[in-house]
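Here the sequence shown is numbered in this note's numbering, starting from 464 and rising by one per residue. Where a beta carbon is used, it is the ideal one built from N, C-alpha and C, also for glycine. Below is one structure; the comments refer to it alone.
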Amino acid sequence: MKVGVLALQGAFREHAEALEALGADVAFVRRPEHLAGVDAIFMPGGESTTIDKLLDTSELRAPLTERLRDDLPAFATCAGLIVLARDVVDGRADQQPLGLLDVTVRRNGYGRQRDSFEAALEVDGLAGGPFPGVFIRAPVVERAGDDVDVLACHDGAIVLGRQGSIWFSSFHPELSGDLRLHGMFLNTLK
């Protein structure tokens, strides 16, 4: 199994390390040709407006969108969630989310960098106790469509979910030191 990690900006190395620790063959995706042969893709946290611009300069916007529409499994974390959302509140006027997840998100909904925190999350279907969610300038899901399966909430807001073959989290599982969510996603690919 070859798992791509969108490597334009953000915490892509941490995702790659987690995936490699679980035995996945990891490929960094920086250009359209890097999408060839990947069985799934992780879209990391980082700066959503920067990632948005880099999707254009790397010429990845159209081919990535097409692959995701064709059910390429994906796991989008933090800024990756913002990039895939249908609607973004408090985004830049020129920001162009891909509109693949039927959610409305608020950028930095949990606050600025100084407001970062960790929370023990009860994840539906995840064995081994609560998952340590790491929230850094995290988006808040303000609305989710009927096709979104909720896997975890924090203070009444969805922080982990999936729609079809796309998983998303407001937090950074790659920074938690806990590989269970990466493993849970990989198990759905078998």
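Cutoff 6 Å; reference residue i; Cβ partners in own chain excluding five residues on either side
i      : result
ASP553 : ARG569 and ARG570
ALA615 : LEU584, VAL586, VAL622 and LEU623
VAL466 : LEU482, ALA487, VAL489 and ALA503
GLY646 : LEU485
Min CB distance residue i to chain B below 9 Å
i      : result
PHE598 : Absent from the structure is chain B; it holds one protein chain and no more.
Among the options, the one whose alpha carbon lies nearest that of residue i
i      : options                           : result
SER633 : GLN559, ARG643 and ARG600         : ARG600
GLY627 : GLY596, LEU644, PHE538 and HIS617 : PHE538
PRO593 : ASP610, PRO636 and VAL551         : PRO636
GLY588 : ARG625, TYR573 and ALA548         : ARG625
THR567 : VAL603, LYS653, THR513 and ASP610 : VAL603
LEU535 : ASP641, PHE580 and PHE505         : PHE505
ASP565 : TRP630, ASP610 and ALA620         : ASP610
Alpha-carbon spacing of residue i relative to residue j, whole angstroms
i      : j      : result
SER521 : PRO507 : 16 Å
LEU654 : VAL546 : Any property of residue 654 remains undetermined from this structure, which presents the chain solely from 464 to 653.
ALA542 : THR513 : 10 Å
ASP618 : GLY608 : 19 Å
LEU518 : ALA590 : 36 Å
PHE475 : GLY509 : 9 Å
Environment of residue i [buried if 16+ CB atoms lie within 10 Å]
i      : result
GLY500 : exposed
VAL613 : exposed
GLU496 : exposed
ALA479 : buried
GLY640 : exposed
LEU652 : exposed
PHE631 : buried
Nonlocal neighbours in the same chain, by C-beta distance under 7 Å from residue i, ignoring five residues either side
i      : result
LEU498 : GLY467, VAL492, PRO526, LEU527 and ARG530
GLN559 : ASP515
For residue i, the residue or residues it bridges with in DSSP
i      : result
GLU581 : VAL597
GLY624 : VAL613 and PHE631
ILE504 : GLY467 and ALA537
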